[in-house]
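First up is the structure itself, then whatever we jot down about it.
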Amino acid sequence: MSDMSLQDYISVKEKYAKYLPHSAGRYAHKRFRKAQCPIVERLTNSLMMHGRNNGKKLMAVRIVKHAFEIIHLLTGENPLQVLVTAIINSGPREDSTRIGRAGTVRRQA
1 MSDMSLQDYI
11 SVKEKYAKYL
21 PHSAGRYAHK
31 RFRKAQCPIV
41 ERLTNSLMMH
51 GRNNGKKLMA
61 VRIVKHAFEI
71 IHLLTGENPL
81 QVLVTAIINS
91 GPREDSTRIG
101 RAGTVRRQA
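For the sequence shown, counting from 1, position 1 maps to 1 in the UniProt record's numbering; every step adds exactly one.
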């Protein structure tokens with residue numbers, strides 16, 4: 001992985017590697033434990049947002065499975081590597097802070 005800042009939060013280690021992204025783990029029980037959740041399961045859980053998709057995890061698992069198959073057929077690459085690369089590309093390149101004085105706020109890198 002090229003981005004060291006995301007290395008602790010993208011868990012694709014053998015310990016957390018799952019074929020089926022449905023572990024029924026309690027990752028919100030302690031602080032920062034969701035970093036140990038497999039990255040494919042976090043993608044699956046994020047697809048279950050909005051009222052019409054609440055609780056339909058099997059549908060989300062099926063969507064992720066079909067998407068990974070399509071990625072593998074079209075590109076010939078490992079779909080997990082494509083997912084990790086997409087997450088790295090979506091992150092910020094540098095940090096910025098707010099500097100405000102007397103009601104005016106500006107961002108500074």
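Just so you know, even glycine gets a beta-carbon here, dropped at the ideal spot from N, CA and C.
By DSSP's assignment, Ser11 forms a beta bridge with Pro38. Secondary structure of Gly51 (DSSP, three-state): helix. Separation of Pro38 and Asn54 (C-alpha to C-alpha, rounded to the nearest whole angstrom) is 20 Å. For Leu58 against Leu83, the beta-carbon gap comes to about 20 Å, at or over 8 Å, which does not count as contact. Taking a C-beta distance under 8 Å as the contact criterion, Ser11 and Gln36 qualify as a contact pair. Taking all protein chains shown into account, Ala86 has fewer than 16 neighbouring C-beta atoms within 10 Å of its C-beta and is therefore exposed. In the structure shown, Arg26 falls within a coil segment according to DSSP collapsed to helix, strand and coil. If you draw a 10 Å sphere on the C-beta of Glu41, you find 16 or more other C-beta atoms in it, and that means buried. One thing to note: Ser2 has its Cβ within 8 Å of the Cβ of Ile88. In this chain, the alpha helix (DSSP H) harbouring Met59 covers 57 to 75.
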